[in-house]
Structure formats: structure tokens, C-alpha cells
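Student: Residues in the sequence shown are numbered from 16 upward in steps of one, following our numbering.
Ideal placement from N, C-alpha and C gives every residue a C-beta, glycine not left out.
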Amino acid sequence: MKKLFSSAYLGLIFLFLYLPIFILIVFSFNVSKSKSVWTGFTFDWYIKLFNNEYIINALMNTLILALISSVIAAILGTLASLGIYAMKKSERAIIINITYLPILNPEIITGVSLMLLFAFIKLEPGFLTLLIAHISFSVPYVILNLMPKLRQLDRYQYEAALDLGCNSYQAFFKVVLPEIFPGILSGFLMAFTYSIDDFVISYFVSGPEMQTLPIAIYSMIRKQISPEINALSAIIFVVVLTLLVIMNLKDIRDTKKRNLKYNGG
């Protein structure tokens, strides 16, 4: 009975999470623009999507912004994490708490603050302001993912590499970096995801000629959201799901290989 209740509860959770996405995907193939009445099956909205320059430009702006800001945030976050890790315990605790404040701070406060800052220094809203804003809220997520990896790191490995003839750069890139790279990658992916998803902060710092996809969708809400957005959302969901499945299958295969190696297979 307990197992049945647990399965039913888990099923309801998944239904609550994925039913809206399923409905969105279904109505991306609907002939009409209706959000509640099914009138027939068509691929027209997918064809129109790739001919809609406004949506495609907003998507490209979002992806380019997310990629550049995430790479810079990963680099800055890695350097910051190494610096924080080298501090004394009391100093490290203070700096970590300050670093995590942007994560806890409401996005509307961050957005308004950045807007006022850019106005004060007379920096015109556009790609540069968006880039600075996205880097600023992405760096803490990189640090959040990287600090546990640094705590797990055996610092004697670095010293052993120095004793064996490596200079400080070689010891870092050949010994330390491979150990903490999963944390860097996790931070990069989280920063990339949050950058694509961000609306509130981007809304306050974007200019009229530089719009991200969330802002473009918001501007459509005041009129009527086209099913082309449903089609784009369906494509993004399928791409992300495919990547997750591939990564999980790779992890399972690597785990099996490690188990065979340890068991003498």
C-alpha cells in the first residue's frame, strides 16, 4: 500500500510538471490559433517560425548573449573560487555569504539597481548592458557549483606535482583543473540556463534594438501569442530532453566501464 501511494504521488508530481508542456506541444500542431479547441493537425506553425525574423533574431540574441556571458562567468567564477578557497576559514565564510547575496536578492531589485547604475555612468541600454547584467548574476552560480569540488580536492596533489618538476601553471592545468572541471562545467550550464531564462533583469537593462526571447514573448502577450512560440518552445524542450538523455546514457556507460575495471573485467 505504501509503495502504491508513493507511485501515485510521484505520478501526480510528474503530471503537474509535464502536462502543461505536453499541452503546449500538442497545440503547436493545431491548425487554428485557439489555445483550447483542437481544429486539426498541421506543421504550418513550424514553417512560419523559421520565416519569422523577429522571433529568430530574438532567439539568436538570447543564445549569443547566454554563450558569451556564461563563458566569461565561468572564467571569473573559477578565478574567484580559487581565491576564496585560498582564504582563511573566517574570511572565506564572509566572502561566500556576500557572493551568494545576488542569488537570494529579488531579481526586480537587481534589475532596477543595474538600470540605475547604467544610467548613472551614462551607458546606453543594449547588448553591453545585457552582457554585464547576465555576467553579474551568473558568477555566483559558478562559484556555488565549484566550491564543493575545491573542498573535495586533495591539495597535496598540487604540491606533489610541483615536487615532480611541474611549474605552478603546469601543476594547475594538469592536476587541479581536471579535478575541478566538472564543477566548472556545471556552473557554466547553470549560468547558460539562467541567462536564457532571465526576463526581469533583462527587461530593465535591454534597449529597444536588443531584445531577448523572453522579452519578445512578453511583448506578444499584450496582443496575442502566436502558435509559432508554441512551436519554438516544443523544439527547445525536445533539444534539451535529447541532450539530457544522451548525457545520462553516457554517465551510465562510463559507470559500467569503471565498475568493470575495478572488478577486474
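Would Q185 pass as a contact of A175 if the rule is Cβ separation under 9 Å?
Tutor: In the sequence shown, the residue the question calls residue 185 occupies position 170. In the sequence shown, the residue the question calls residue 175 occupies position 160. For Q185 and A175, no; Cβs fall outside 9 Å.
Student: What whole-angstrom Cβ distance do Y233 and F207 have, given they're in contact under 8 Å?
Tutor: Working through the sequence shown from its first residue, we reach residue 233 at position 218. Working through the sequence shown from its first residue, we reach residue 207 at position 192. Between F207 and Y233 the Cβ distance is about 21 Å, and since that is not below 8 Å, they are no contact.
Student: DSSP has F56 in a bridge; who is on the other side?
Tutor: If you number the sequence shown from 1, residue 56 lands on position 41. DSSP lists N45 as partners of F56.
Student: How would you call P155, buried or exposed, if buried means at least 16 neighbouring beta carbons within 10 angstroms?
Tutor: To locate residue 155, count along the sequence shown from 1; it is residue 140. It is buried - the Cβ of P155 has at least 16 other Cβ atoms within 10 Å.
Student: So, for S47: in the same chain, excluding its five sequence neighbours on each side, which residues have a beta-carbon less than 6 Å away from its beta-carbon?
Tutor: As a first step, residue 47 must be located in the sequence shown, where it is residue number 32. Excluding positions up to five away in sequence, the list reads T54.
Student: Whose CA, out of Y69, I36, I199 and S84, lies closest to the CA of I230?
Tutor: Sequence index remark: in the sequence shown, residue 230 carries index 215 (1-based). Looking at the Cα atoms, Y69 is the closest of the given residues.
Student: Assign F196 to one of three DSSP states: helix, strand, or coil.
Tutor: Along the sequence shown, read from residue 1 onward, the residue named residue 196 stands at position 181. Here F196 sits in helix by DSSP.
Student: Buried or exposed: which applies to M162, given that a residue is buried once 16 or more other Cβ atoms fall within 10 Å of its Cβ?
Tutor: Counted from its first residue, the sequence shown places residue 162 at position 147. By the 10 Å Cβ count, M162 comes out buried.
Student: V253: buried (16+ other C-beta within 10 angstroms of its C-beta) or exposed?
Tutor: Sequence index remark: in the sequence shown, residue 253 carries index 238 (1-based). V253 comes out exposed.
Student: Give me the residue from L145, I111, Y115 and I136 with the minimum Cα distance to Q226.
Tutor: Indexing the sequence shown from 1 puts residue 226 at position 211. Out of L145, I111, Y115 and I136, L145 has the C-alpha closest to the C-alpha of Q226.
Student: Cβ of R107 within 9 Å of Cβ of I118?
Tutor: Residue 107 sits at position 92 when you count from the first residue of the sequence shown. Residue 118 sits at position 103 when you count from the first residue of the sequence shown. No, the Cβ-Cβ distance between R107 and I118 is not below 9 Å.
Student: By the 10 Å Cβ neighbour count, where 16 or more other Cβ atoms means buried, how is F56 classified, buried or exposed?
Tutor: To locate residue 56, count along the sequence shown from 1; it is residue 41. Counting Cβ neighbours within 10 Å, F56 comes out exposed, since fewer than 16 surround it.
Student: Between the Cα of G141 and those of T114, G26 and I216, spot the shortest distance and give me the residue it belongs to.
Tutor: Counted from its first residue, the sequence shown places residue 141 at position 126. It is I216 whose Cα lies nearest to the Cα of G141.
Student: With a threshold of 8 Å on Cβ separation, who are the neighbours of S221 within its own chain once the five nearest residues in sequence on each side are excluded?
Tutor: Position 206 of the sequence shown holds residue 221. Same-chain partners within the cutoff: P140, G141, T144, L145, T227 and I230.
Student: Is G92 near F219, with beta carbons less than 9 Å apart?
Tutor: Residue numbering aside, residue 92 sits at position 77 when the sequence shown is read from its first letter. Residue numbering aside, residue 219 sits at position 204 when the sequence shown is read from its first letter. No; because the gap between Cβ atoms is not below 9 Å, this pair is not in contact.
Student: In terms of alpha-carbon separation, which member of I147, V157, P193 and N182 lies closest to D169?
Tutor: For the purposes of this step, residue 169 is identified with residue 154 of the sequence shown, where counting begins at 1. Selected option, being the one with the closest Cα: P193.
Student: Classify V255 as buried or exposed, calling it buried when 16 or more other Cβ atoms lie within 10 Å of its own Cβ.
Tutor: Locating residue 255 in the sequence shown gives position 240, counting from the first residue. Answer is exposed; the Cβ neighbour count stays below 16.
Student: Does the beta-carbon of P197 have 16 or more other beta-carbons within 10 angstroms, so that it is buried, or is it exposed?
Tutor: The sequence position of residue 197 within the sequence shown is 182, counting from 1. Classification of P197: exposed, given that the 10 Å Cβ count is below 16.
Student: Would you mind reading off the limits of the alpha helix (DSSP H) that contains V154?
Tutor: Indexing the sequence shown from 1 puts residue 154 at position 139. Note, V154: alpha helix (DSSP H), F142 to Q167.
Student: Going by C-alpha to C-alpha distance, which of K17, Y24 and N45 sits closest to P242?
Tutor: Residue numbering aside, residue 242 sits at position 227 when the sequence shown is read from its first letter. It is N45 whose Cα lies nearest to the Cα of P242.
Student: With DSSP collapsed to three states, give me the class of Q239.
Tutor: Counting from one through the sequence shown, the residue named residue 239 turns up at place 224. In the structure shown, Q239 sits in coil (DSSP, three-state: anything other than H, G, I, E or B).
Student: Check the C-beta distance from L159 over to Y115 and give it rounded, since I have them as a contact under 8 Å.
Tutor: If you number the sequence shown from 1, residue 159 lands on position 144. If you number the sequence shown from 1, residue 115 lands on position 100. L159 to Y115, Cβ: 7 Å. Contact.
Student: On the DSSP letters alone, give me the boundaries of the alpha helix (DSSP H) that Q172 sits inside.
Tutor: Numbered from its first residue, the sequence shown carries residue 172 at position 157. Run containing Q172: R170 to D178, per the alpha helix (DSSP H) assignment.
Student: What span of residues does the alpha helix (DSSP H) with P121 cover, start to end?
Tutor: For the purposes of this step, residue 121 is taken as the residue at position 106 of the sequence shown. From DSSP, P121 is part of no alpha helix (DSSP H); its letter is neither H nor E.
Student: Under three-state DSSP, which class holds E224?
Tutor: Along the sequence shown, read from residue 1 onward, the residue named residue 224 stands at position 209. Reduced to three states, the DSSP call for E224 is coil.
Student: Around the C-beta of S51, are 16 or more other C-beta atoms found within 10 angstroms, so that it is buried, or is it exposed?
Tutor: Within the sequence shown, the letter at position 36 stands for residue 51. Looking at its Cβ environment, which holds fewer than 16 other Cβ atoms inside 10 Å, S51 is exposed.
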